[in-house]
Every structure is written in structure tokens, then in C-alpha cells.
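Participant: Using the UniProt record's numbering, you'd call the opening residue of the sequence shown number 1 and step up by one each time.
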Amino acid sequence: MHSTPAIDYQQQRFMYQPCLEQTRPADAALHPVVVIGAGPVGLVTAIDLARQGIRVVLVDDDDTLSTGSRAICFAKRTLDIFDRIGCGQRMVDKGVGWNRGKVFLREEAIYEFDLLPECGHARPAFINLQQYYVEGYLLEQARQHSLIELRWKSRVSAIAHHADHEALTVETPEGSYLLKARYVVAADGSRSPLRKMMGLESVGHTFRDRFLIADVKMAAPFPAERWFWFDPPFHPNQSVLLHRQPDDVWRIDFQLGWDADPVLERTPERVIPRVQALLGKDAQFTLEWVSVYTFSCVRMDRFRHGRVLFVGDAAHCVSPFGARGANSGVQDAENLAWKLAFVLQGKAPDSLLDSYASEREFAADENLLNSTRSTDFITPKSAVSRCFRDAVLALAREHAFARRLVNSGRLSLPATLHGSPLSSADSAPFHGAMQAGAPCTDAPVLTDTIPGWLLPHLGDQFVAMIFAPPASLSAALLPALVRLTEGSLPLRLLFVSGAQASAEDHTVLSALGDGAVQVQDIEGLVAQRYDGQPHTCYLIRPDQHVCARWRTVDAAALAQALQRATGHAPAAQPATVLDAA
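(1) Does the segment 22–32 come close enough to the segment 318–331 to have 3 or more Cβ pairs within less than 8 Å?
(2) Which residues in the same chain have their Cβ closer than 7 Å to the Cβ of S385, if we skip the five residues on either side of it in sequence?
(3) If you count every other CB in all the chains shown that lies within 10 Å of the CB of R529, and 16 or more means buried, which is it?
(4) For Q144, name the three-state secondary structure that DSSP assigns.
(5) Less than 8 Å separating the beta-carbons of I466 and V519?
(6) Report the rounded CA-to-CA distance for F14 versus Q131, giving the unit in angstroms.
(7) Say whether the segment 205–216 touches the segment 286–301, bearing in mind that this needs 3 or more beta-carbon pairs closer than 8 Å, one atom from each stretch.
(8) Can E523 and P456 be called in contact, C-beta distance under 8 Å?
(9) Mind reading off the beta-carbon distance from A436 to A548? Whole number of angstroms is fine, and I expect it under 8 Å.
(10) Can you check which of these residues, R143, G120, E166 and P262, is closest to A38 by C-alpha distance?
(11) Taking the C-alpha atoms as reference points, what is the distance between P469 and W227?
(12) Looking only at its own chain, which residues have a Cβ that is under 7 Å from the Cβ of G68, when we skip the five neighbours before and after it?
(13) Looking at C-alpha atoms only, which residue of D390, F126, I127 and V249 is the closest neighbour of R405?
(14) Cβ atoms of V185 and V330: under 8 Å apart, would you say?
(15) W338 lies in the alpha helix (DSSP H); which residues open and close that run?
(16) Quick one: using the 10 Å Cβ neighbour count with 16 as the cut-off for buried, is C119 buried or exposed?
(17) Counting C-beta neighbours from all protein chains within 10 Å, is the total for I127 16 or more, i.e. buried, or is it exposed?
(18) Suppose the cutoff is 6 Å on Cβ atoms and the five residues either side in sequence are ignored; what does the same chain contact list for R403 look like?
(19) Work out the CA separation of R100 and A571 for me, nearest whole Å.
(20) Under the three-state reduction of DSSP, which class applies to C537: helix, strand or coil?
(21) Nearest CA to the CA of H418: which residue from A364, D80, P262 and A557?
(22) Ends of the beta strand (DSSP E) at P451?
(23) Does the distance from the CB of L179 to the CB of V275 come in under 8 Å?
(24) Measuring CA to CA, which of R195, V249 and V271 is closest to Q255?
(25) V59 and A46: beta carbons closer than 8 Å?
(26) With burial defined as no fewer than 16 other Cβ atoms inside 10 Å of the residue's Cβ, what is the status of K153: buried or exposed?
(27) Taking the alpha carbon of P221 as the reference point, which residue from Q238, H205, G257 and Q284 has its own alpha carbon closest?
(28) Can you look up residue 609 in the DSSP assignment and give me helix, strand or coil?
(29) State the DSSP-derived secondary structure class of M198, mapped to helix, strand or coil.
(30) Can you confirm whether the segment 159–170 touches the segment 64–79 when touching is taken to mean that 3 or more C-beta pairs between the two stretches lie within less than 8 Å?
(31) Is it buried or exposed, Q381, if we count other Cβ atoms within 10 angstroms and call 16 or more buried?
(32) Only counting runs of 3 or more residues, tell me where the beta strand (DSSP E) segments fall wholly within the segment 8–70, in order along the chain.
(33) What residues in its chain sit with their C-beta under 7 Å from that of W258, if we drop five residues either side in the sequence?
(34) Would you tell me roughly how many angstroms separate the C-alpha atoms of R106 and L393, rounded to the nearest one?
(35) If you run the structure through DSSP and keep just helix, strand and coil, what is A468?
(36) Could you please give me the residues that DSSP links to R244 through a beta bridge?
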């Protein structure tokens with residue numbers, strides 16, 4: 001038996017090829033979407049659009065994947081998105097999963113946490129996986145879609161706005177050409193050349209501090225946890241962060257201070273003694289990748305500018321503490337893709353794209369707030385801030401209340417989109433977190449006695465999740481539900497019941513058509529997490545966010561909420577949660 005050799009994603013080079021605009025410009029068409037930037041965010045955008053039947057041209061000015069580990073912490077919500085687009089299992093199989101972490105003051109562990117203390121989830125709170133693996137797996141997934149055209153060594157150098165399209169000038173090894181698209185998605189990174197071409201800015205705060213990243217290859221006994229030190233004896237008066245990655249590679253971040261020389265600190269003569277101070281003089285290791293970075297907490301004022309939509313670091317940047325950068329960018333991509341597909345397919349008005357901007361600007365503000373607070377705690381910039389930080393750390397040794405104030409990076413959580421114009425307000429009391437705007441959470445289910453998970457039933461289109469056996473619905477309701485499943489805004493029906501489907505249930509499912517499925521809530525966790533009392537009904541968006549919920553199944557209410565969620569109806573007042581836990 002011959003094993004397939006491992007791919008070295010750091011050494012891959014991708015071939016430049018002339019495109020139709022160069023070889024037969026007269027035959028070149030107006031493209032639905034051009035995505036600029038083949039990093040994780042651009043690739044997810046392209047894949048998600050292709051899954052929904054939209055042709056995409058993806059251009060990148062390079063011919064390689066990212067250099068070094070870069071973003072390594074990918075959160076459960078991002079893994080759920082990777083699952084939906086077809087490559088989540090591969091990420092999890094290669095990555096190092098973790099839920100737990102420790103915070104140290106000098107050599108003493110003063111605080112421990114568990115980010116996923118409950119059972120009944122398919123994915124861990126986080127995996128650590130080098131960005132070049134993430135990009136490599138996403139690229140291989142993208143190549144499976146015939147609707148995605150990848151163009152390497154293609155640098156966008158200019159943009160011209162027209163009433164019905166955008167015209168991009170693209171520079172290649174064989175000269176320039178004009179690339180026309182109805183919409184452009186800018187996923188071209190924190191320095192975003194397109195943003196600069198359009199005279200736009202990101203505004204916020206740049207922190208006067210420097211950190212050294214050292215990717216160290218070694219065999220080490222440390223567990224797969226996040227370890228953070230304040231003022232350790234091996235790096236006094238500064239902070240250090242340790243993460244395990246695949247391939248026996250460990251990420252170590254050393255705080256250096258603003259006065260550190262970034263060129264000098266990257267040299268082996270400076271890096272190796274720092275690593276030895278942590279691991280011991282006799283530790284055996286090699287350096288895989290070294291970088292010195294500063295960081296900013298900034299964002300664009302608006303993420304949408306006509307037919308140009310900014311995503312990921314091009315739209316917003318945060319400090320690395322909390323793993324909010326790549327994760328929020330992937331969530332931008334998912335939020336945008338279904339809306340752009342609906343607009344291009346004539347299922348929604350162009351104004352639906354305004355909700356991408358408003359929702360993800362809200363999420364960016366939440367990330368920026370948490371990231372700034374973490375950075376201020378880790379690197380206090382005033383005597384008062386330093387006094388507070390040191391007092392909290394000292395008290396945390398013995399007092400639980402102080403441990404909750406220790407902020408070594410509030411780790412990434414998906415935003416609940418409060419006040420979204422696409423959401424409908426509750427009309428009855430609910431408990432729990434699954435309010436309008438919240439991302440759906442997972443739970444184990446059975447489908448025809450086959451074990452599985454809830455979230456795979458909630459992707460790519462709108463779903464009405466009904467907590468009742470199909471046979472319990474009134475006969476008068478069924479024709480209205482059928483009309484909803486066959487309408488111009490098709491709706492899938494997902495029935496959740498504590499028991500296996502009966503013969504009567506199968507009869508009703510057959511009458512409702514292929515868009516109706518029943519699952520068994522085998523542990524009662526779906527009902528518990530969604531406060532799913534009998535006949536409770538949820539409307540779930542294609543990006544797996546709740547947009548409405550009721551205590552009864554009402555086809556007219558579903559139809560109205562579906563219209564609102566696709567931008568066809570006047571925006572409702574911001575959704576509220578009655579009697580929320």
C-alpha cells in the first residue's frame with residue numbers, strides 16, 4: 001500500500017494563467033462577483049457563493065499561501081461554518097482541539113477556565129491550526145467548485161465605478177486587463193490596497209507595544225491548553241502566551257515593549273535565549289518561523305460602498321488577544337454570501353446588502369471593545385491602569401471575584417446581532433440565549449436512527465424549526481406550509497421531536513415534500529437550549545442565525561418574517577427578548 005505524501009503548504013506555488021479578458025476580450029462577460037484576496041476570508045466568501053450557485057472570480061496578487069503560522073486559533077462558530085461549506089472535519093482532524101486554559105502570575109497558576117464546560121457539542125471551543133493549513137484546505141475545497149475561477153499573480157491596481165458594475169484594472173505578468181463585476185468583495189487584508197484606491201480609511205487606535213512570535217518545533221509535555229503568564233521569572237515585567245499547534249510546533253508570544261528593535265528581535269541570537277529561558281537551557285528545539293508585530297484596533301466607518309463590500313481585516317482589525325481577527329472575518333464572509341446570492345438571483349432587493357454592513361459593523365464594534373479592553377489589561381499604558389491590573393492579579397490568588405476580572409484576552413465569541421433590521425420581535429416570553437440575532441448552537445440528534453448533529457440541518461437556506469411531530473399539526477395548516485416550501489423564497493421545514501418518527505409522521509412529511517425533515521432530540525438538549533416548548537417555531541437564516549421565533553406554528557407569521565429577513569418588508573422595531581435568562 002502506498003501512502004499519499006503530505007503536502008507542504010509552505011512550498012506550494014500556483015501557476016499564473018492568462019484569462020479570457022486577455023486572450024479573447026470581446027468574449028469576456030460581466031461577472032456577478034469578483035473577490036479580491038485568497039486568504040481565509042476571501043476563500044470562504046467564494047466557496048459559500050459557489051455553493052449557492054453564484055459564479056465567482058477570485059484574484060490574488062501572490063502565488064502562495066500565507067507564510068508562517070499567522071492566525072492559529074479557530075473558534076467553534078468558525079468550525080461550524082467550515083463544516084457547512086464542506087471542510088470542517090479536515091480542519092478538526094489536523095488541528096489541536098482545546099477548551100481549557102490557565103493564567104499565571106509569575107510561576108503561580110491563579111486562574112483556570114473552560115470555554116466549553118457542557119457536553120453535547122460536535123466541535124471543541126477552539127482548534128489551533130496554522131493559517132497555511134486552513135488556506136490550503138479551503139483552496140482545495142474551492143477547486144471542487146466549477147463556479148470559482150482562481151487567478152493568481154493578478155493585482156488590482158485601479159477601480160472605476162459605473163451605474164451597473166465595477167471595472168477593475170488587473171496587473172499580471174503579461175500586462176494589464178479590465179475585469180468587470182456587478183459586485184466586488186474586498187478581502188485584501190489589513191493594508192487593503194482597494195480601500196486606499198477608493199480614498200477610504202480605517203480609524204481607531206494603534207497600540208505602542210511590540211510582540212515577538214516564535215513558532216518552535218519541539219517535543220514537549222505541555223497539555224493542549226492556552227497558557228498565559230503575567231510577569232514570569234523567565235521574562236520579567238512582560239507577558240508570555242503559549243499555544244500548541246500540529247506537527248509538534250508551539251506558538252510562543254513574548255511581549256517586548258515599544259522600544260524593542262523589531263529587526264534585532266527577530267534574529268536567532270535574540271529569540272533562542274528567550275525560548276531557552278522558558279523551556280530550560282537543555283531543551284531541544286528548532287525555530288520554524290519568527291515575526292515581530294504591532295497591532296491596532298481600527299475599522300472602516302462603513303463596510304459597504306455601493307457595489308464594493310469590505311470583509312475581514314480590510315474592514316476591521318483587532319489585537320491578536322482573543323482570536324477575534326480571522327474568526328470575525330469568516331463570519332463576515334458567511335453573513336455576506338447568502339445575501340449577495342439572494343440579490344443576484346432576484347430573491348431580494350439590493351438594499352439587503354445594507355444589512356450586511358450594519359450587522360457586521362455592530363459585530364466589529366463588539367470585537368473592538370473586547371479586544372481593546374484585553375490589550376489595556378495586558379499592556380497598561382497609564383499608572384492608574386497598571387495599579388488596577390496589578391491589584392486584580394494580586395487578589396486573584398485567593399479571591400474568586402478577582403479571577404473573573406483577569407483579562408488575558410476575552411476569547412472570540414460570535415456576535416448576537418441585536419436590533420438587526422432582518423429580525424422580528426418576540427411576541428411571547430422565552431428563556432435562554434437563542435434570541436433573535438443569535439447564532440444557533442448545536443446538539444445531538446437522530447435522523448432515521450442515524451446519530452448526527454443539529455447544525456448540518458440548518459445551512460444554506462431558510463429553515464423553520466418546529467418543536468413538534470409533523471402529525472401533530474392541524475390539517476388546515478399543512479397547505480400553507482407547502483406553499484411556503486414551494487415559494488420564491490423556499491423554506492425548509494425541520495421538525496424536532498423527543499420520539500422517533502411514527503408512520504403518521506412519515507405520511508405528513510411525504511405530503512410536505514422533500515423540504516421537510518424530522519429529527520429526534522435524543523438527549524433533550526435541542527429543546528433545552530432553544531427553550532423549545534411544544535409547537536415552538538423558529539425561523540433560521542442561511543447563516544444559521546435566529547431571525548424570529550413563536551410559541552405556535554403560524555404560516556402567515558412565518559411568511560411575514562421571511563419577507564422581512566430578505567429585505568422585502570419595512571424594517572421592524574429592533575427585536576426584543578421577553579423574560580430572557
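Glycine residues also receive a C-beta, built at the ideal position from the N, C-alpha and C atoms.
From a predicted model like this one, the values you see are computed outputs, not experimental measurements.
Facilitator: In terms of the structure at hand:
(1) no
(2) D376
(3) buried
(4) coil
(5) no
(6) 17 Å
(7) yes
(8) no
(9) 6 Å
(10) R143
(11) 47 Å
(12) D215, W289 and S291
(13) Sequence check: residue 405 is Leu here, not Arg. When only C-alpha atoms are compared, the closest one is D390.
(14) no
(15) G325 to L344
(16) exposed
(17) buried
(18) Y111 and A396
(19) The predicted model places A571 with a pLDDT of 46, which falls under 50 and marks its position as unreliable; any figure quoted below should be read in that light. Roughly 41 Å separates the two Cα atoms.
(20) strand
(21) A364
(22) I450 to W453
(23) no
(24) V271
(25) no
(26) buried
(27) Q284
(28) A question about residue 609 goes unanswered here, because the residues of the chain that appear run from 1 up to 581.
(29) coil
(30) no
(31) Per the sequence shown, residue 381 should be read as Lys rather than Gln. Classification of K381: exposed, given that the 10 Å Cβ count is below 16.
(32) 31–36 and 56–59
(33) R208, D209 and R210
(34) 10 Å
(35) coil
(36) W250
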